[in-house]
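Q: Here's a structure for you.
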Amino acid sequence: MPFEHYAPFRVSAEGAEIYGVKGGSGPPLLLLHGDAQTHAVWHRCATPLAAHFTVIATDLRGYGASATLRGDASPHEKRSKRTLAADQLAVMRHFDYEQFLVCAHDCGAHVAYRMALDHAAAVERLMLLDSAPACATDRQAQRVVASPLAGAADDLDFEHDRADIERGNRIGCPLRVLWGARGVPESHAEPLAGWRKLARDVSGRALPCGPSIPEEAPDELMAEMLSFFEAIDS
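The sequence shown begins at 23 in this note's numbering and counts up by one.
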């Protein structure tokens, strides 16, 4: 059982109840999953990561065991990455972590970089997997395939990104971006170009896998985490 030494928890956030698991020891590391997934996407990384980090792996609002509650906010605001980032900050504050590391996959990466923009002092280092920033995506194509609710939330995310770019607000912490060599980001001419619009210190490379690094290349991902996060064995 990959999470057998992790303790489950629930944390109340503004308009949501966030479920997750916590285990290990060392520097705090928040793990965020991608679309149509849960914290279980990290199952192949859970045991080795716990030897180096205090790992907090959550289900994003509306995914898995995390519930969106009734409230005054509009539906698309409840689904915006700004709102989801605030949820995750509430989780880390619940455990008294003022600053922490973050590794996030797919749409969880959008939540993570929004957190790094909105709450810069909280994110010490940021690793993003298999994702491109909202400002680098084709908005017209997204509108064709997205549901009205998801499309409205995506539009709001895009506007938040654009406002940051116009103000010159960029991610200040070191950012490491990884993508699968057989995944979608590799098809772009320069996968890091979009991230350089939003971050000051960007590095990254392709890994020999498809579009789900945590499940397809856990050993390579673990090596990248230890190198980038400068983990100290507990």
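Beta carbons: idealized from backbone N, C-alpha and C, even for Gly.
#1: Considering just the uninterrupted stretch of the alpha helix (DSSP H) at W217, what are its terminal residues?
#2: Out of curiosity, what's the CA-to-CA distance linking A142 and Q121?
#3: Given this structure, state the Cα-to-Cα distance separating P196 from F251, to the nearest angstrom.
#4: Among the residues of its own chain, which have a CB less than 6 Å from the CB of V124, if the five just before and after it don't count?
#5: Could you pull out every unbroken alpha helix (DSSP H) segment of at least 4 residues lying fully inside the stretch 61-133, listed in chain order?
#6: Rounded to whole angstroms, what's the CA-CA distance from C157 to K44? Just pull it up for me.
#7: Can you list, in chain order, the residues of its chain with a C-beta nearer than 7 Å to that of N191? Leave out the 5 residues immediately preceding and following it.
#8: So what does DSSP say about Y28, is it helix, strand or coil?
#9: Is the beta carbon of L150 closer than 8 Å to that of S102?
#10: Are there 16 or more other CB atoms within 10 angstroms of the CB of R83, so buried, or fewer, so exposed?
#11: Please classify S249: does DSSP put it in a helix, a strand, or coil?
#12: Would you be able to state if there are at least three C-beta pairs under 8 Å between the stretch 182-189 and the stretch 230-249?
#13: To the nearest angstrom, report how far apart E36 and D109 are at their CA atoms.
#14: How would you call M23, buried or exposed, if buried means at least 16 neighbouring beta carbons within 10 angstroms?
#15: The alpha helix (DSSP H) with P236 in it runs from where to where?
#16: Tell me which residues share the same chain as E237 and place their Cβ nearer than 7 Å to its Cβ, disregarding the 5 neighbours each side in the sequence.
#17: Less than 7 Å between the CB of G194 and some heavy atom of the ligand SAH, yes or no?
#18: Alpha carbon to alpha carbon, how far is E246 from L229?
#19: Tell me whether E188 sits in a helix, a strand or coil according to DSSP, three-state version.
A: Taking the structure as given:
#1: Annotation for W217: the continuous alpha helix (DSSP H) segment containing it runs A215 to R218.
#2: 9 Å
#3: 10 Å
#4: Counting only Cβ-Cβ distances below 6 Å, and skipping sequence neighbours, we find L52, A134, V145 and L148.
#5: 68-72, 97-101 and 103-116
#6: 33 Å
#7: L139
#8: coil
#9: Not a contact, by the Cβ cut-off of 8 Å.
#10: buried
#11: helix
#12: They do not touch, by the three-pair rule.
#13: 7 Å
#14: exposed
#15: I235 to E238
#16: Same-chain partners within the cutoff: V63 and R66.
#17: Looking for the ligand SAH in the displayed structure turns up nothing, as the structure carries no ligands at all.
#18: C-alpha of E246 to C-alpha of L229: approximately 10 Å in a straight line.
#19: helix
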